[in-house]
Amino acid sequence: MELFIYHTPEATPTDKLPDCAIVVDVLRATTTIATALDAGADSIQAFSDVDALIQVSNQWPADKRIRIGERGGQKVEGFDLGNSPLSFTPEVVAGKRVFMTTTNGTRALERVQSAQTVLTAALVNRKAIVEYLMTKMPNIVWIVGSGWEGSYSLEDTVCAGAVADEFSHEGGYPIENLAANDEVHGAIALYQQWKAQLFQLLNCASHGQRLLKLGLYDDLKYCAQLDTLEIVPIQREPSILVSSKAKTDDLHYWTE
Ligand code: 3SL
8 MELFIYHTPE ATPTDKLPDC AIVVDVLRAT TTIATALDAG ADSIQAFSDV DALIQVSNQW
68 PADKRIRIGE RGGQKVEGFD LGNSPLSFTP EVVAGKRVFM TTTNGTRALE RVQSAQTVLT
128 AALVNRKAIV EYLMTKMPNI VWIVGSGWEG SYSLEDTVCA GAVADEFSHE GGYPIENLAA
188 NDEVHGAIAL YQQWKAQLFQ LLNCASHGQR LLKLGLYDDL KYCAQLDTLE IVPIQREPSI
248 LVSSKAKTDD LHYWTE
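Each residue of the sequence shown is one higher than the one before, starting from 8 at the first, in the working numbering.
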């Protein structure tokens, strides 16, 4: 396997795609996606554009949908929920399609949606993603941080490093054989420095600071947890993600 890490969607090559793209937005889109699927959401449909989301979700039965919208860390007016993973309880999402638009995470998903396999990772489901990779062993893997409006995010890179580090240790693959760009070494070094203090790292991160100013301390605490959810969100068709455990009849799904 050749592993590339890109800090932002803008940094990814535009002339090729990997066998497997893993989108990361620890604060908070991919943490929310894993949490919603773990709580029994039927699927997540991601949009970068608010109007497109409203148009498509209007065609879905009202009692089977939930609309979540975030811009600048806050709920978009008229939407059911913002992007706090803490809101995604089974009572709220079980059996529903989650129509989702966020500032950066949904844009990152759009950037790689034509890859053969698309997954989403956060700290909370890091180990499940590593197990998926060890089972499927895709040839070329990109981990793509969502960043913030085109710039680097500490928390996405630490998560990319956490995935790479665990894959290397669990699988016994030396980093120097695995790493296909320098960002992999940098991300692993970042993770190794902060792995016992992930909550503190989220507090230092500029987007963590932004969320703290909005009073979202508990969100940071939740998003800093490592390996708490056994969920692999996987793209079933462009922009639609399901839990890999939900169905096993597609070749690209992870069969347990
Ligand atoms: O940018 C995004 O996609 C969001 O995850 C940002 S926030 O944490 O919901 O503010």
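Don't be surprised by glycine CBs; every beta carbon is placed ideally from N, CA and C.
Small disclaimer: the values here were computed from a predicted structure and weren't measured.
Consult DSSP for residue i and reduce its assignment to one of helix, strand or coil.
i, result
"glutamate 156", "coil"
"alanine 18", "helix"
"glutamate 190", "helix"
"proline 92", "helix"
"serine 121", "coil"
"leucine 221", "coil"
"phenylalanine 86", "coil"
"tryptophan 149", "strand"
"tyrosine 229", "helix"
"glycine 80", "coil"
Since residue i and residue j are thought to touch, with beta carbons under 8 Å apart, how far apart are those beta carbons, to the nearest angstrom?
i, j, result
"isoleucine 75", "lysine 103", "Going by Cβ atoms, the distance from isoleucine 75 to lysine 103 rounds to 11 Å, so no, they are not a contact pair."
"alanine 167", "leucine 205", "Not quite, the Cβ-Cβ distance comes to about 13 Å (not below 8 Å), so this is no contact."
"isoleucine 195", "alanine 171", "5 Å"
"serine 153", "aspartate 32", "4 Å"
"cysteine 27", "alanine 101", "Their Cβ separation, rounded to whole angstroms, is 29 Å, which puts cysteine 27 and alanine 101 out of contact at 8 Å."
"leucine 140", "valine 131", "With a Cβ gap of about 17 Å, leucine 140 and valine 131 do not count as contacting."
"valine 151", "isoleucine 238", "Their Cβ separation, rounded to whole angstroms, is 19 Å, which puts valine 151 and isoleucine 238 out of contact at 8 Å."
"alanine 187", "leucine 44", "Rounded, the Cβ-Cβ distance is 29 Å, inconsistent with contact."
"proline 97", "methionine 8", "That pair is no contact at about 35 Å."
Please identify the residue among the options whose C-alpha is closest to the C-alpha of residue i.
i, options, result
"threonine 164", "Ala18, Thr142, Ser94", "Ala18"
"glycine 178", "Pro20, Lys143, Asn188, Val191", "Lys143"
"threonine 21", "Glu138, Phe174, Ala203, Val119", "Val119"
"leucine 233", "Gly154, Ser64, Ala59, Arg133", "Arg133"
"threonine 215", "Ser160, Val239, Asp189", "Strictly speaking, residue 215 in this sequence is glycine, with threonine absent from that position. Of the candidates Ser160, Val239, Asp189, the one whose C-alpha sits nearest the C-alpha of glycine 215 is Ser160."
"threonine 110", "Thr96, Leu218, Gly80, Asp189", "Gly80"
"glutamate 1", "Asp189, Gln52, Ala41, Leu218", "Given a span of 8 to 263 for the chain in the structure shown, any question on residue 1 remains unanswerable."
"leucine 218", "Gly193, Trp155, His176, Ala203", "Trp155"
Is the CB of residue i under 9 Å away from at least one CB in chain D?
i, result
"glutamate 77", "Chain labels in this structure do not include chain D; a single protein chain is all it has."
Near residue i, which residues of its chain fall below 6 Å by C-beta distance, leaving aside the five closest residues on each side in sequence?
i, result
"valine 249", "Ser50, Arg243"
"lysine 220", "none"
"isoleucine 241", "Leu126, Ser251"
"glutamate 162", "Val33, Leu34, Leu209, Ala212"
"glutamate 77", "Gly89, Asn90, Thr109"
"lysine 82", "Gly89"
"alanine 36", "Thr109, Gly112"
Could you compute how far the alpha carbon of residue i sits from the alpha carbon of residue j?
i, j, result
"tyrosine 94", "threonine 39", "The displayed chain sequence assigns serine, not tyrosine, to residue 94. Between serine 94 and threonine 39, the C-alpha separation is close to 9 Å."
"serine 158", "tyrosine 13", "11 Å"
"valine 99", "glycine 47", "9 Å"
"alanine 129", "glutamine 66", "30 Å"
"asparagine 210", "leucine 236", "22 Å"
"alanine 115", "threonine 15", "8 Å"
"valine 191", "leucine 208", "18 Å"
"alanine 89", "tryptophan 201", "Note that residue 89 is glycine in the sequence shown, not alanine. Answer to the nearest angstrom: the Cα atoms are 29 Å apart."
"aspartate 226", "asparagine 184", "36 Å"
"proline 25", "proline 92", "29 Å"
"proline 181", "phenylalanine 174", "10 Å"
"aspartate 87", "lysine 228", "23 Å"
Ignore the nearest five residues each way along the sequence and tell me which others in residue i's own chain have a CB closer than 7 Å to its CB.
i, result
"tyrosine 198", "Val165, Gly168, Ala169, Asp172"
Sorted by chain position, which residues of the same chain lie with C-beta nearer than 8 Å to residue i's C-beta, five sequence neighbours on each side aside?
i, result
"phenylalanine 54", "Leu60, Val63, Phe106, Met107, Thr108, Thr113, Ser246"
"leucine 223", "Gly80, Ser91"
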